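Those letters in the sequence shown? Residues 198 to 384, per this note's numbering, in order.
Backbone N, C-alpha and C define an ideal beta-carbon position, used for all residues, glycine too.
What you are looking at is a predicted structure, and each value in this text was computed from that prediction instead of being measured.
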Amino acid sequence: MSETTIESDVKVRLALTVNGEPAEGLVDASRTLLEALREDLQLTGTKHGCELGECGACAVLVDGEPVLSCLVLAVECDGRRIDTVEGLQSRDTLHPLQDAFADLGGSQCGYCTPGILMTAKALLDRHAAPTRDEIREALAGNLCRCTGYLQIVEAVEKAAEQLRTGAGGHASPMPVGDDSPAKAGAR
Ligand code: FES
Ligand code: FES
């Protein structure tokens, strides 16, 4: 497993596990987790939207729990496990959530998609068969300007069913919610 280096010209030593790989280096004490992921680790799948904790575009998992990375200092995450959308697919196989979002139109412009995928993953990790209301509640902090939300909820339901039945995702050269060419304008 290769080691990723966080490069920064500032002062606080930080060690994370990001998508299963160690990442360590020096970061500014005022750096947010969002900035560390996007600017130091070049993991630009996680999006910056409002940077005020209001849109959910920056959601990642910290020790398995969804966190708004724009509101958390990177140093607060020292020693913790961070999961981002880049780690969602397994090798060349999409996660069932990515599969379902692609199939059902849960992702359109894609800007909200990484945060929604990670928030939904946390829900499905702890709840194999959430109701539609539970899905809506879990995703209440994730804003989407494109879909009207129905496709998103249906995609999470479909992914939950796939996970329960063991149905695998599809191989794809263009991961949904990752930094695919379709999302390049959303960096
Ligand atoms: S960018 Fe973090 S909540 Fe909007
Ligand atoms: S797909 Fe465009 S904001 Fe959600």
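What residue range is occupied by the uninterrupted beta strand (DSSP E) comprising residue i?
i, result
"T362", "T362 -> not in any beta strand (DSSP E); alpha helix (DSSP H) instead, spanning 347-362."
"A220", "218-224"
DSSP on residue i, reduced to helix/strand/coil?
i, result
"R210", "strand"
"T316", "helix"
"V269", "coil"
"G253", "coil"
"P327", "coil"
"D280", "strand"
"E248", "coil"
"L234", "helix"
"L258", "strand"
"T463", "This structure gives no information on residue 463, because the portion of the chain shown stretches from 198 to 384."
"T229", "strand"
"S205", "Note that S205 has pLDDT 49, beneath the 50 cutoff, so the model's placement of it is unreliable and no number is given."
"T310", "helix"
"K380", "In this prediction, K380 scores a pLDDT of 37, lower than 50, which makes its location untrustworthy; the coordinate-derived value is nonetheless stated afterwards. Three-state DSSP puts K380 in a helix."
To the nearest whole angstrom, what separates the beta carbons of residue i and residue j, a pair I think is in contact under 8 Å?
i, j, result
"N216", "D275", "Not a contact, Cβ separation roughly 17 Å."
"R329", "V350", "6 Å"
"L238", "L285", "Not confirmed; about 16 Å, so no contact."
"G302", "Q348", "4 Å"
"V209", "L223", "7 Å"
"L356", "P327", "Strictly speaking, residue 356 in this sequence is Ala, with Leu absent from that position. Actually they are not in contact, since the Cβ atoms of A356 and P327 sit about 10 Å apart, beyond 8 Å."
"E218", "A212", "About 12 Å; that fails the 8 Å criterion."
"T344", "Q295", "T344 to Q295, Cβ: 15 Å. No contact."
"S266", "T243", "6 Å"
Over the uninterrupted alpha helix (DSSP H) stretch that includes residue i, give me the two end residues.
i, result
"L301", "293-301"
Taking 8 Å as the threshold (beta carbon to beta carbon), is residue i in contact with chain D?
i, result
"G338", "Reference to chain D is not applicable here, since this structure consists of a single protein chain."
Examine ligand 4 and report whether any of its heavy atoms sits within less than 7 Å of the Cβ of residue i.
i, result
"L265", "Ligand 4 is absent from the structure shown, which contains only ligand 1 and ligand 2."
Mind the definition here: the stretch 265-281 touches the stretch 220-237 only if three or more C-beta pairs lie below 8 Å; say whether that holds.
yes
Go through the residues and name those whose CB comes closer than 5 Å to any heavy atom of ligand 2, in chain order.
Q305, C306, Y308, C309, C341, R342, C343
Three or more C-beta pairs below 8 Å linking the stretch 247-254 and the stretch 289-300:
no
Between the stretch 253-268 and the stretch 315-327, do three or more beta carbon pairs fall short of 8 Å?
These segments touch.
Hey, is the stretch 329-344 in contact with the stretch 302-312, meaning 3+ C-beta pairs nearer than 8 Å?
yes
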